[in-house]
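Enquirer:
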DNA sequence: GCGTTATGTTGTATAAATACAATATTTCTC
DNA sequence: GAGAAATATTGTATTTATACAACATAACGC
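Residue numbers (the working numbering), protein chains in the order written: chain A, 18 to 103; chain B, 18 to 103.
(1) At a CB-CB cut-off below 8 Å, which residues of chain A make contact with residue 62 of chain B?
(2) What residues from the segment 21 to 39 of chain B come within 8 Å of chain A, judged by C-beta to C-beta, listed N to C?
(3) With a threshold of 8 Å, are at least 3 pairs of Cβ atoms found where one atom belongs to the segment 72 to 80 of chain B and the other to the segment 72 to 89 of chain A?
(4) Would you mind telling me which residues of chain B sit closer than 7 Å to residue 9 of chain A, beta carbon to beta carbon, in chain order?
(5) Tell me which residues share the same chain as residue 31 of chain B and place their Cβ nearer than 6 Å to its Cβ, disregarding the 5 neighbours each side in the sequence.
(6) Determine whether the Cβ of residue 84 of chain A lies closer than 7 Å to any Cβ atom of chain B.
(7) From residue 18 of chain B to residue 67 of chain A, what distance separates their C-alpha atoms?
(8) Verify the CB distance criterion: does residue 81 of chain B have a CB-CB separation below 7 Å to chain A?
(9) Given this structure, state the Cα-to-Cα distance separating residue 58 of chain A from residue 48 of chain A, to the nearest angstrom.
(10) To the nearest angstrom, report how far apart residue 3 of chain B and residue 28 of chain A are at their CA atoms.
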């Protein structure tokens, strides 16, 4: 299967929560360097790991991960002129 | 990472749609035997593949996959006495 | 019952995710 | 500016997901 690189908001969400990669890694049960790989989009999490991340942030998987580039959460919340067209 | 086996509703949803594994496999871009492995829960899909399945069925990932055993969709829809207890 | 299609099983091969160590660099605190 | 903590980078090893082939069995149409 040709794997698509997915986009994610892990970095922003993590910083909002004020936790380091090391802390987040311990919580979700992976190596702290794995969090780095995920944040940089160097590879996709397994579905199981995606669920753990989703559970920790209290957000649905689709809010954190996406097949299409993600806009800043701020724009997501208040909307931008652009989205009226689409 | 110790991977949890996830539960899913691929088989029921596929049968509802009246498609064979082979057909579903072609649509989501995997080998038809891979669909078998997923339906039997022998391994979890990648997050990318979960997204494709989600897109095909038009349902959020959380509706198709779960960390906890899934009840039949019929019960999910109409509720059962049990769920009142919490 | 025969042929076809769907599914299950087993085995091997490759690709992708994850772990882990070591080191470099950046950032934060004092 | 020294020291600590956070992040990035590189390299190797292991586990898990996926592909593919071959064959067995089950279900279905005629």
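Cβ coordinates follow ideal geometry from the N, Cα and C atoms, glycine included.
Expert: Reading off the structure:
(1) The count along the second chain starts at 1 and reaches residue 62 of chain B at position 45. Within 8 Å Cβ-Cβ: 64.
(2) So the list reads 21 and 23, given in the order they occur along the chain.
(3) They touch, by the three-pair rule.
(4) In the structure as shown, chain A begins at 18 and stops at 103. Residue 9 of chain A is therefore absent and cannot be evaluated.
(5) Within the second chain, numbered from 1, the residue matching residue 31 of chain B stands at position 14. Residues 41 of the same chain have their beta carbon placed closer than 6 Å to that of residue 31 of chain B, with the five preceding and five following residues left out of the count.
(6) Stepping through the first chain from its first residue, residue 84 of chain A is reached at position 67. Taking Cβ atoms only, chain B reaches closer than 7 Å to residue 84 of chain A, which makes this a yes.
(7) What you label residue 18 of chain B is simply residue 1 of the second chain in a count that begins at 1. What you label residue 67 of chain A is simply residue 50 of the first chain in a count that begins at 1. Between the C-alpha atoms of residue 18 of chain B and residue 67 of chain A there is a straight-line separation of about 13 Å.
(8) Working through the second chain from its first residue, we reach residue 81 of chain B at position 64. Judged by the 7 Å Cβ criterion, residue 81 of chain B is not in contact with chain A.
(9) One-based indexing of the first chain puts residue 58 of chain A at position 41. One-based indexing of the first chain puts residue 48 of chain A at position 31. So the two alpha carbons sit approximately 16 Å from each other.
(10) For chain B, the structure presents residues 18 to 103; residue 3 of chain B sits outside this window and is missing.
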